[in-house]
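These notes are about the structure you will find just below.
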Amino acid sequence: MRYLFLAALALIFAACSSPKPELATVERVQINKYLGKWYEIARYEHSFEVGCSDVSATYSLKENGEIQVLNSCTKEGGILTQAKGVAYATDATNSKLKVSFFWPFYGDYWVLALDENYTYAVIGEPSRKYFWILSRTKILDERVKQNILSQMPQFGYEEKKLIWTKQ
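Going letter by letter, the sequence shown gives residues 1222 to 1388 in our numbering.
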């Protein structure tokens, strides 16, 4: 009887808990237009960017078709730090990428929103642990910023968790 109760309790908890809804990405990313330098406007905090300001990411195409990633930031005390990585698209849309800074470990990099002129991008991943707002310029237009913030709940992200990057 005790095991039956525990099994029923487990079923109730499983039924009440809902997995995160599927994370939608943009229909297509033209990699050649995405290449170049992006400035971080905001992010969810995580250990590898604690204390970072002047954050940027530069993407370039390697001869083998992979994307070279160079992330830069200025740490406290004015120390420039850089991390080199590699990325590749997981499907023909190029909206879902895998990125690695420490082979053989790869993380998800999904393009959730992208301006038609590639002036800003919103990046996330299925667990909702990571989130970035990127721009081609160090300052994002206030209307664009407010539009992105209004979309965060539909992506399953919370505005209150954002760290605004000092550029």
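A virtual CB, placed ideally from N, CA and C, is assigned to each residue, including glycine.
- Y1339 by DSSP, collapsed to three states: which one? Translated into the one-based positions of the sequence shown, residue 1339 becomes position 118. In the structure shown, Y1339 sits in coil (DSSP, three-state: anything other than H, G, I, E or B).
- Taking A1334 and I1384 to be in contact with their CB atoms under 8 angstroms, please state how far apart those CB atoms are, rounded to whole angstroms. As a working note, residue 1334 is residue 113 in the sequence shown. As a working note, residue 1384 is residue 163 in the sequence shown. At roughly 19 angstroms, the Cβ-Cβ gap does not stay under 8 angstroms, so A1334 and I1384 are not in contact.
- Item | DSSP three-state assignment for G1377, whether helix, strand or coil | For the purposes of this step, residue 1377 is taken as residue 156 along the sequence shown, with counting starting at 1. G1377: coil per DSSP, three-state reduction.
- Inside the stretch 1279 to 1322 only - beta strand (DSSP E) runs reaching at least 3 residues: 1288 to 1296, 1300 to 1310
- Task: Would you decide whether A1278 is buried or exposed? Buried here means 16 or more other CB atoms lie within 10 Å of its CB.
- Result: Taking the first residue of the sequence shown as 1, we reach residue 1278 at position 57. It is buried - the Cβ of A1278 has at least 16 other Cβ atoms within 10 Å.
- Count the other C-beta atoms from every protein chain shown that fall within 10 angstroms of the C-beta of L1301, then say buried if there are 16 or more, exposed otherwise. By 1-based counting over the sequence shown, the position of residue 1301 is 80. It is exposed - the Cβ of L1301 has fewer than 16 other Cβ atoms within 10 Å.
- Task: Give the single residue among M1373, E1380, T1295, I1288 whose Cα lies nearest to the Cα of L1318.
- Result: The sequence position of residue 1318 within the sequence shown is 97, counting from 1. The candidate whose alpha carbon is nearest that of L1318 is I1288.
- Message: Can you give me the C-alpha to C-alpha distance between K1359 and G1257, rounded to a whole angstrom?
- Response: In the sequence shown, the residue the question calls residue 1359 occupies position 138. In the sequence shown, the residue the question calls residue 1257 occupies position 36. The alpha-carbon atoms of K1359 and G1257 are separated by roughly 14 angstroms.
- Message: Can you list, in chain order, the residues of its chain with a C-beta nearer than 8 angstroms to that of K1381? Leave out the 5 residues immediately preceding and following it.
- Response: Position 160 of the sequence shown, counted from the first residue, corresponds to residue 1381. Closer than 8 angstroms at the Cβ level, and outside the excluded window around K1381, lies no residue.
- Bridge partner(s) assigned by DSSP for W1259: As a working mapping, residue 1259 is identified with position 38 in the sequence shown. A1278.
- Task: Count the other CB atoms, across all protein chains shown, that sit within 10 Å of the CB of F1352; report buried if there are 16 or more and exposed otherwise.
- Result: In the sequence shown, the residue the question calls residue 1352 occupies position 131. Buried, because 16 or more other Cβ atoms sit within 10 Å of the Cβ of F1352.
- So, using beta-carbon positions, are I1354 and I1262 closer together than 8 angstroms? On the sequence shown, residue 1354 is found 133 positions in, with the first residue counted as 1. On the sequence shown, residue 1262 is found 41 positions in, with the first residue counted as 1. Their beta carbons are under 8 angstroms apart, which means I1354 touches I1262 by this criterion.
- Message: Using the three-state DSSP reduction, which class does V1365 fall into: helix, strand or coil?
- Response: Position 144 of the sequence shown, counted from the start, is the residue given in the question as residue 1365. Residue state, collapsed to three classes: helix.
- Residue from A1304, G1306, I1344, Y1327 with nearest C-alpha to S1316: Sequence index remark: in the sequence shown, residue 1316 carries index 95 (1-based). Ranking the options by Cα distance to S1316, first place goes to I1344.
- Item | Within 8 angstroms, strictly: CB atoms of V1320 and G1306 | Within the sequence shown, numbered from 1, the residue matching residue 1320 stands at position 99. Within the sequence shown, numbered from 1, the residue matching residue 1306 stands at position 85. Yes, these two residues count as a Cβ contact at 8 angstroms.
- How would you write the range of the beta strand (DSSP E) that F1269 sits in, first residue to last? Here residue 1269 is taken as the residue at index 48 of the sequence shown, counted from 1. Careful: F1269 lies outside any beta strand (DSSP E) and carries neither H nor E.
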